[in-house]
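Quick notes on the structure that follows.
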């Protein structure tokens, strides 16, 4: 028998044994080699549930992914893997619900069967807020692997840094500040005064929202920026390397949109104005309402709502209702 065939058979048998270990321990679980005990062991999933006291502020100081949503209960649920010292905890003090812990853990060697290394983290945190509760603030203080906020009424929201960020059906009296270090930021049905979003390596998408301020700010370093079906006062959109999409929005004042390397596509109200600039005429074309235009073309310069669209290297296309 060839050597490669023998090795293959050994691996098949070993895999079957490890799968059996996982199923023997009540399910499809990861099996890893522990350097501490010098043996195979099964990664255990665990869950804790907290009944918090009265609070109106939420502060999350944890690396675990976090979901905060409205529901019919008042509860914090933390799921984690193995290391109880790293599990998320929740306490209430002086009206503030504080969530800590939930760090990513890599003490054990590579997973042999089951989760990949990327999956081997201490789970996540789910905070369920009663539907009639109005929060003063939500503050995500530490970079983590994901934030989801859904169906909430809150005065102020701040997400310091995360991977993917999802904002769904939020009513925010003041503003929302969110920064993504390595992921996308998506917001839908957000009613707020001001939205300030930064994405270091990902896309930004805003839809079906109402943003009253004239100084909203969306900035992407490496990704697209998309705003659709949204009513906003104005502000600034920018991406260093990506496209800008503006679709069927209702603008009150002035919105500036720019990209260093990408196209701009805007479908605007027929009464709105649009000033279009391509910094290098050899590097992009301009088309407004189906007609080719030169850089610097200004549609409806006296209109109250104005789009200022600029690309350094790309095309600009503007259509109207």
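Residue numbers (the working numbering): 275 to 595. C-beta: ideal position from N, C-alpha, C; glycine also. The structure displayed is predicted, hence computed values, not measured ones.
In three-state DSSP terms, what is residue 438?
Strand at residue 438.
For residue 445 and residue 421, I'd like the C-alpha separation in whole angstroms.
17 Å
Would you report the Cα separation of residue 344 and residue 551, rounded to the nearest angstrom?
45 Å
By the 10 Å Cβ neighbour count, where 16 or more other Cβ atoms means buried, how is residue 372 classified, buried or exposed?
buried
Alpha carbon to alpha carbon, how far is residue 245 from residue 560?
Here the chain covers residues 275 to 595 and nothing more, so residue 245 does not appear.
Would you say the stretch 401–412 touches the stretch 435–443, given that touching needs at least three Cβ pairs under 8 Å?
no
For residue 603 and residue 449, what's the separation of their Cα atoms in angstroms?
Within the shown structure, residues of the chain are numbered from 275 to 595, placing residue 603 beyond reach of any answer.
Mind checking residue 228: buried by the 16 CB within 10 Å criterion, or exposed?
Residue 228 falls outside the range modelled here, since the chain spans only 275 to 595, and no answer is possible.
Could you check whether residue 537 and residue 557 sit closer than 9 Å to each other, using their CB atoms as the reference points?
no
What does the alpha-carbon distance come out to for the pair residue 366 and residue 410?
15 Å
Could you check the C-alpha separation between residue 368 and residue 334 for me, to the nearest Å?
15 Å
Write down the C-beta distance between residue 531 and residue 574 rounded to the nearest angstrom, noting that I regard them as a contact closer than 8 Å.
The pair is not a contact, with the Cβ atoms about 17 Å apart (cut-off 8 Å).
Residue 335 by DSSP, collapsed to three states: which one?
strand
Can you give the beta carbon distance from residue 463 to residue 482, rounded, assuming they're within the 8 Å contact cut?
5 Å
Counting only the same chain and skipping the five closest in sequence on each side, list residues whose C-beta sits under 6 Å from that of residue 390.
Per-residue confidence for residue 390 stands at a pLDDT of 37, beneath the threshold of 50, marking its modelled position as unreliable; the derived number appears in the next sentence. For residue 390, where only same-chain residues beyond five positions count, there are no Cβ hits under 6 Å.
For residue 330, which three-state DSSP category applies?
coil
Rounding to the nearest angstrom, what Cα-Cα distance links residue 572 and residue 430 in this structure?
38 Å
Please identify the residue among 492, 554, 474 whose C-alpha is closest to the C-alpha of residue 506.
492
Return helix, strand or coil for residue 555, following the three-state DSSP convention.
helix
Starting from residue 374, trace the beta strand (DSSP E) both ways and give me its first and last residue.
370–375
Give the DSSP bridge partners of residue 424, in chain order.
343, 442
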